[in-house]
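Everything in the sequence shown is counted per the working numbering, starting at 931 for the first residue and increasing by one. This report refers to the structure that appears directly beneath it.
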Amino acid sequence: MPNTIRGFGALLRARQCSSLELAGACIDRIHDPAGEGPRAFIGGPSVRAMAQAEAADRLIRDGKGGPLSGIPVSVKDLFDVEGETTRAGSRVLDRGPAIQDSPVVARLKDAGAVIVGRTNMSEFAFTGVGINPHYGTPRNPWDRSVGRIPGGSSSGAAVAVADGMAVASIGTDTGGSCRIPAALCGLVGFKPTAGAIPDAGMVPLSRSYDAVGSLCRSVDCCDLLDQVLRGETPAPLEAVALGSVRIGIPLGLAQDELDEEVSDAFMQCRAALLRSGAQLADLRLASFDRLNELAAHGGIVAVEAFAWHRDLLVDRGADYDPLVLRRLTAGAACSAADYCWLLRRREELRTAYLREMADYDILAMPTVPMVAPRIDSLEDTDEFYRVNRLLLRNTSPANAFNTCAISLPMPRGRAQAPIGMMLMGKPGQDRRMLAIAQAVARVIG
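Structure below.
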């Protein structure tokens, strides 16, 4: 049985299975009391999923299917879906059912996707860990008996795909929220250059940093979804010969404090890329080393998030996850002048990054420095924040510089822990980076 969008699409067009069967199998897994469905999906499966699947089967039968016809897709609980309540992984939003689909959901439906449900997440997408005290934390597919974090904030999205409750998931990425859970759950997670996909009808974390991304089984799946969400007619990626690709390997912070399994796997991938003929070079990036400057005054994300939540915090502050509340209120004291300074400094660092990348096509580094820790090991607040900082360390530069990045599964070590390698490209050159990523994925296997 295939596990990609094109693979299932071929089966559907050949009438070797139906969308009703695919959606039904996903919904059965969501309902399974012994599985992660109750924690991965807020409110369970969509009540309209089977009707959408039936409609998709009719269109496929009539030869009128779209690029996603009949494919079960989940959406993060940030996007409005007509008739359903958007909670953003929280208990404080009391807005009632959405009166219309967000543009992201509308484009998925127009392409024929079956929306199987809304996935759980870190509250308001504001941690990279994936723990949610309100709706439960979906457990990582690895070492499930002890209960490990899925990564966040798109936690339910990753577990949904890993456990076959959806073929693909739509998430958001403000500091690594698609790439972190993808790395920890053995998937591909894509963050595009922000701005090309409409974010109306989506609960924001930080308008300056938010990007709509995806978690899937392949680079091709991520590319196909990205084209659909941009409103483009899907076209295949160009074939790339790695012998012509120049890859920079950032030294310093990006490779500090690596778990042994992560370090070993990254060295294996590096060796495989060298054998493929790719041109690799170690480098120090001043733009990376200076990123801590953007944490001043709480940081842009915290400032913009606090501005959105300010009124809610007055009435419902006690109902927030305390771990998220602390991060939100970090932006409360920032003045308008401080915020303007942060925006200018971000642009300066982005310009420096582009200058440093002039001789390279992409960067490659571990997505996260660790294997997924146990959920119960993060009950201590200080340890939670330490792990959260480490998880976000390598992924957040792509958001700060507003460029594209993707996490690919790396070979697993003795403990079989899922781990990821991140490729980071240049702003606006998303399809070039995706084409390189597809070639890299074949090499690192």
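Positions of the beta carbon are idealized from the N, C-alpha and C atoms, including for glycine.
Counting only runs of at least 4 residues, the region 1026-1057 fully encloses the following alpha helix (DSSP H) elements, listed from N- to C-terminal order: 1033-1040. When rounded, the separation of the alpha-carbon atoms in P1068 and I972 is 11 Å. Shown here, Q1209 sits in a strand according to DSSP, grouped into three states. Ranked by Cα distance from E1162, the options Q982, R1037, L1114 and R991 are led by R1037. The region 1044-1055 and the region 1079-1089 touch, with three or more beta-carbon pairs separated by less than 8 Å.
In this structure, L1145 and L1117 form a Cβ contact; the two beta carbons are roughly 5 Å apart against a cut-off of 8 Å.
Straight across, the Cα-Cα distance linking R1200 with A1211 is about 11 Å. Given a length threshold of 3 residues, each whole run of the beta strand (DSSP E) inside the region 1105-1163 is given here in chain order: 1118-1121 and 1142-1146. Burial is judged here by how many other beta carbons sit within 10 angstroms of a residue's own beta carbon; G1228 has at least 16 and is buried. The C-beta distance from M1095 to A970 rounds to 6 Å, short enough to fall under 8 Å. Non-local C-beta neighbours of L1308 in its own chain, meaning closer than 8 Å and more than five positions away in sequence, comprise V1059, I1061, I1079, F1314 and V1317, ordered along the chain.
Looking only at M980, A986, I960 and W1072, the smallest Cα-Cα distance to T1049 is reached by I960.
Separation of the CB atoms of A1112 and S1337 is rounded to 5 Å, and the pair is thereby assigned contact status at 8 Å. Using a C-beta cut-off of 8 Å, the region 1279-1299 makes contact with the region 1173-1188, since at least three inter-stretch Cβ pairs fall below that distance. For E1012, the closest alpha carbon among the candidates I957, P1027 and G1042 is that of P1027. In the structure shown, the three-state DSSP call for M980 is helix. Linking A1369 to L1242 through their CA atoms gives a straight-line distance of about 46 Å.
Note on C1270: under 16 other CB atoms within 10 angstroms of its CB, so exposed under the neighbour-count rule. The distance from the Cβ of V1097 to that of I935 is about 6 Å, consistent with a contact at the 8 Å cut-off. Restricting attention to V1034, H1064 and I1029, the CA atom closest to the CA of V1254 is found in H1064.
In terms of Cβ geometry, T1102 and S1136 do not form a close pair [threshold 7 Å]. Using a Cβ distance threshold of 7 Å, T1123 and T1281 do not count as a contacting pair. Secondary-structure assignment with DSSP links E1012 through a beta bridge to A1028. D1291 and V1175 do touch by the CB rule: their CB atoms are close to 5 Å apart, below 8 Å.
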